[in-house]
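Some notes on the structure that comes next.
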Amino acid sequence: QAWISDEIGEGAAAHAYLRGAQVEGICTLAAIPFSVLLASMRLNVPILVGAAVLLGMAGVLAVLMPETPRASSHARTAIRGTLRESLNAVRGKQIVLTLLALAAFFGAASEGFDRLWTPHILANFTLPSAGGLDSIAWFGVMRGGGLLLAVAATQVVRRAAWTGNPQVVARVLFCADGLRIGSIAVFAMTSDFGIAVATFWLATVLRRVARPIYTGWLNRQLESGSRATVLSMSGQMDSLGQIVGGPIIGALATQSLRAALVLTAAALAPALPLYVKASRSAR
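Using this note's numbering, you'd call the opening residue of the sequence shown number 586 and step up by one each time.
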């Protein structure tokens, strides 16, 4: 992300992040039928095939994109200097601190939803027998439908002119996460399978569209020298949210999957006032 921004500029990078999200969604969508087919043979087969593909990709990239480190006796000094500059960049900008805090709530909410939506469907719904689809095929339909809608929605956002306006970006993300909170809560509480699918798709679309917009916004606040490190810190804050929120939501899930999913929605709620705060100092 940082490398792309330095190569093509912050404004173009924001659109590149959206395009990257589209490509990821399309590739994932294309893989779903194969995953369903393999899982119908045995559930662990898609996992093994996916691992083999990753190993093969690693080998290809090691040959095609080698990275030769620069030999330098001052390497540690340079690393310390980069880290120091990154920390200074974070300390000196309230907007960056706010955006990093947002990442923690993203992580807490995503962890609960990603882990619990499947057992929630299996435990609380009777899957329709329409078309002779089994449970594996239905999960493929749910995932595929959400991804297809997300790719289309991302295309609409890519064509919008407001992605470079931080105040508008803040309002859009506020609305997107507000709707996501509501959609997850309805998904948790409904007993109607059709409504569950619709709200699952809505939550999926909002999440997949919002994340590259957020990344582009954060990227605009950073200097080139510390951009990579601070963007990495955003990923670490997301992971921290997963680590802290996951066990709490998981403990509640042992008693009630619905209540745990409602808590997942609530975990994203603190992001809303942070958007308001960030918009006041956005650039």
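The beta carbon of each residue, even a glycine, is placed where N, CA and C say it ideally should be.
For Ile833, the CB contacts under 8 Å within the same chain, skipping 5 residues up- and downstream, are Leu848 in chain order.
Pairing Leu622 with Ile632, the inter-Cα distance amounts to about 12 Å. Judged by DSSP secondary structure, Thr814 falls within the alpha helix (DSSP H) whose first and last residues are Ser809 to Ala838. Within the model, the alpha-carbon separation for Leu842 versus Ala689 is close to 22 Å.
Here Thr653 carries a coil assignment [DSSP, helix/strand/coil]. By the C-beta criterion, the region 791 to 803 is judged to be in contact with the region 746 to 760, since at least 3 inter-stretch pairs fall below 8 Å. Cα atoms of Val645 and Pro651: separation of roughly 10 Å, rounded to the nearest angstrom.
Judged by DSSP in its simplified three-state form, Ala851 adopts helix.
In the DSSP assignment, Lys862 falls within the unbroken alpha helix (DSSP H) covering Ala856 to Arg865.
One alpha carbon belongs to Met774, the other to Ala788, and they sit about 14 Å apart. Per the coordinates, the alpha-carbon of Gly729 lies some 43 Å from the alpha-carbon of Asn673.
When the beta-carbon positions are compared, Arg793 and Ala735 come within less than 8 Å of each other. A check of alpha carbon separations from Ser620 across Ile706, Leu685, Ile721 and Leu649 identifies Ile721 as the nearest. For the 8 Å CB-CB criterion, Val790 and Ala850 do not form a contact.
In the DSSP annotation of this structure, the continuous segment of the alpha helix (DSSP H) that includes Leu732 starts and ends at Ser720 to Arg743.
Where Gln806 is concerned, there is no enclosing alpha helix (DSSP H), because DSSP gives it neither an H nor an E.
The Cβ neighbour count for Leu859, taken over all protein chains shown within 10 Å, is at least 16; the residue is labelled buried. Gln806 counts as buried, since at least 16 other C-beta atoms from the protein chains shown sit within 10 angstroms of its C-beta.
Closest in C-alpha terms to Ala694, from the list Val726, Asp719, Ile769 and Ala708, comes Ile769. In the three-state reduction of the DSSP assignment, Thr800 falls in the helix class, which pools H, G and I. Sequence-distant Cβ neighbours of Val771 in its own chain, meaning closer than 8 Å and more than five residues away, are Ile780 and Thr784. Boundaries of the alpha helix (DSSP H) harbouring Pro751: Pro751 to Met774, taken from the DSSP string. Relative to the Cα of Asn750, the nearest Cα in the group His705, Glu595 and Ser590 belongs to Glu595. Straight through space, the alpha carbons of Phe724 and Pro713 are spaced by roughly 12 Å. The Cβ atoms of Gly610 and Leu685 lie no closer than 8 Å to each other. For Ser695, the enclosing alpha helix (DSSP H) has its first and last residue at Gln679 to Asn709.
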